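Asker:
Chains as they are written, first to last, in the working numbering: chain E, 1 to 89; chain C, 1001 to 1131.
1) For the alpha helix (DSSP H) holding residue 44/E, just list the boundary residues, first then last.
2) Does the beta-carbon of residue 1062/C have 16 or more other beta-carbons within 10 angstroms, so that it is buried, or is it exposed?
3) Once the 5 residues before and after residue 1041/C are set aside, which same chain residues still bring their CB inside 6 Å of it?
4) I think residue 1034/C touches residue 37/E, with their Cβ atoms under 8 Å apart; what is that distance to the nearest whole Å?
5) Does residue 1075/C have its Cβ less than 8 Å from a Cβ in chain E?
6) Just to confirm the assignment, what range does the alpha helix (DSSP H) spanning residue 1073/C have?
7) Would you be able to state if there are at least three C-beta pairs under 8 Å between the stretch 1077-1088 of chain C and the stretch 65-83 of chain E?
8) Under a CB-based cut-off of 8 Å, is residue 74/E close to chain C?
9) Does any residue of chain E have a CB that is nearer than 8 Å to the CB of residue 1041/C?
10) Going by other Cβ atoms of all chains shown within 10 Å of its Cβ, with 16 needed for buried, is residue 25/E buried or exposed?
11) Who are the Cβ neighbours of residue 35/E in its own chain at under 6 Å, not counting the five residues just before and after it?
12) Determine the direct distance from the alpha carbon of residue 19/E to that of residue 40/E, and round the result to whole angstroms.
13) Using the C-alpha atoms, what's the distance from residue 1123/C back to residue 55/E?
14) Using 10 angstroms around the beta-carbon of residue 1021/C, count the other beta-carbons present and answer buried if the total reaches 16, otherwise exposed.
15) Could you round the C-beta distance between residue 1073/C and residue 11/E to whole angstroms and report it? I think they count as a contact, below 8 Å.
16) Check each candidate in 1096/C, 1006/C, 1016/C and 1128/C and name the one with the smallest Cα separation from residue 1066/C.
17) Alpha carbon to alpha carbon, how far is residue 1120/C from residue 1049/C? Give it in angstroms, no decimals.
18) Chain C partners of residue 15/E, CB-CB under 8 Å?
19) What number of angstroms, rounded off, separates the C-alpha of residue 1092/C from the C-alpha of residue 1098/C?
20) Using a cut-off of 9 Å between C-beta atoms, extract the partners of residue 1058/C located in chain E.
21) Which word fits residue 1058/C, buried or exposed, when buried means at least 16 other C-beta atoms lie within 10 angstroms of its C-beta?
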């Protein structure tokens, strides 16, 4: 069979292409919610690529970082959305 | 034999996950307005991430089956990451859509905004016309 490590490197390059597409949307986006959608997509792809890193190097600590990153990015997305809504907090 | 089946399922899950993540990036670039981009950017990445983390969970089960006890830790922690993604991603998408609607972004091709309270009379009139 193919070596696991090479497979995961290929998967990570594909995920990097997705991140680059989302960055193009963040830069070009005509309105503010467009940019937020791009950032949210980047967050999710970074979480899954951290899980892939953990599997490639057989280290569990990367996956723990992914869990914490997921929860923190969720909170930041919620607060940016709250800011876009306007009004008082 | 069982090892080969584990490998096969892992590769198939990885291919499905990467395919859907690529579709999410393409949809972000090609769709015309915020709501359709949100649809592509959140649903596709959630589905793809489910399959990518699922492949890592199956890798952990395979390591466990071969006698390496680190595999169980890998599988359980990856399941935790999967639960975090499943809980947070749709909620964030809902918050972004609500914020976009409240900050006045209209969908492409929309004639009447149905969620705006001041348009209630127009919508009711149209419904009565249809009856």
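We put the beta carbon where it would ideally sit given N, CA and C, even for glycine. Just so you know, these numbers come straight off a predicted model, no measurement behind them.
Answerer: For this structure:
1) What you label residue 44/E is simply residue 44 of the first chain in a count that begins at 1. Taken as a continuous stretch (DSSP letters only), the alpha helix (DSSP H) holding residue 44/E covers 32-57.
2) By 1-based counting over the second chain, the position of residue 1062/C is 62. Under this definition residue 1062/C is a buried residue.
3) Working through the second chain from its first residue, we reach residue 1041/C at position 41. Non-local C-beta neighbours of residue 1041/C in its own chain, meaning closer than 6 Å and more than five positions away in sequence, comprise 1024 and 1028, ordered along the chain.
4) For the purposes of this step, residue 1034/C is taken as the residue at position 34 of the second chain. For the purposes of this step, residue 37/E is taken as the residue at position 37 of the first chain. Between residue 37/E and residue 1034/C the Cβ distance is about 7 Å, and since that is below 8 Å, they are a contact.
5) For the purposes of this step, residue 1075/C is taken as residue 75 along the second chain, with counting starting at 1. Proximity of residue 1075/C to chain E, defined by a Cβ-Cβ separation below 8 Å, is not satisfied.
6) Here residue 1073/C is taken as the residue at index 73 of the second chain, counted from 1. From DSSP, the alpha helix (DSSP H) with residue 1073/C extends over 1070-1102.
7) Using a C-beta cut-off of 8 Å, the stretch 65-83 of chain E makes contact with the stretch 1077-1088 of chain C, since at least three inter-stretch Cβ pairs fall below that distance.
8) For the purposes of this step, residue 74/E is identified with residue 74 of the first chain, where counting begins at 1. Closer than 8 Å to some Cβ of chain C, the Cβ of residue 74/E qualifies, so yes.
9) Within the second chain, numbered from 1, the residue matching residue 1041/C stands at position 41. Taking Cβ atoms only, chain E reaches closer than 8 Å to residue 1041/C, which makes this a yes.
10) Looking up residue 25/E in the first chain gives position 25. Looking at its Cβ environment, which holds 16 or more other Cβ atoms inside 10 Å, residue 25/E is buried.
11) Taking the first chain and counting its residues from 1, the one referred to as residue 35/E is at position 35. 26 and 29, listed in sequence order.
12) Position 40 of the first chain, counted from the start, is the residue given in the question as residue 40/E. Position 19 of the first chain, counted from the start, is the residue given in the question as residue 19/E. Their Cα atoms are separated by approximately 11 Å.
13) In the first chain, counting from the first residue as 1, residue 55/E sits at position 55. In the second chain, counting from the first residue as 1, residue 1123/C sits at position 123. Going from the Cα of residue 55/E to the Cα of residue 1123/C covers about 54 Å.
14) On the second chain, residue 1021/C is found 21 positions in, with the first residue counted as 1. Residue 1021/C counts as buried, since no fewer than 16 other beta carbons sit within 10 angstroms of its beta carbon.
15) Counting from one through the second chain, the residue named residue 1073/C turns up at place 73. Counting from one through the first chain, the residue named residue 11/E turns up at place 11. About 22 Å; that fails the 8 Å criterion.
16) The count along the second chain starts at 1 and reaches residue 1066/C at position 66. Relative to residue 1066/C, the option among 1096/C, 1006/C, 1016/C and 1128/C whose CA is nearest is 1006/C.
17) Numbered from 1 along the second chain, position 49 holds the residue referred to as residue 1049/C. Numbered from 1 along the second chain, position 120 holds the residue referred to as residue 1120/C. Near 40 Å, if we compare the C-alpha coordinates of residue 1120/C and residue 1049/C.
18) By 1-based counting over the first chain, the position of residue 15/E is 15. Near residue 15/E (Cβ distances below 8 Å), the residues of chain C are 1018 and 1021.
19) Here residue 1092/C refers to the residue found at position 92 of the second chain. Here residue 1098/C refers to the residue found at position 98 of the second chain. Answer to the nearest angstrom: the Cα atoms are 10 Å apart.
20) Translated into the one-based positions of the second chain, residue 1058/C becomes position 58. Within chain E, no residue has its CB atom less than 9 Å from the CB of residue 1058/C, the nearest being about 10 Å off.
21) Along the second chain, read from residue 1 onward, the residue named residue 1058/C stands at position 58. Buried.
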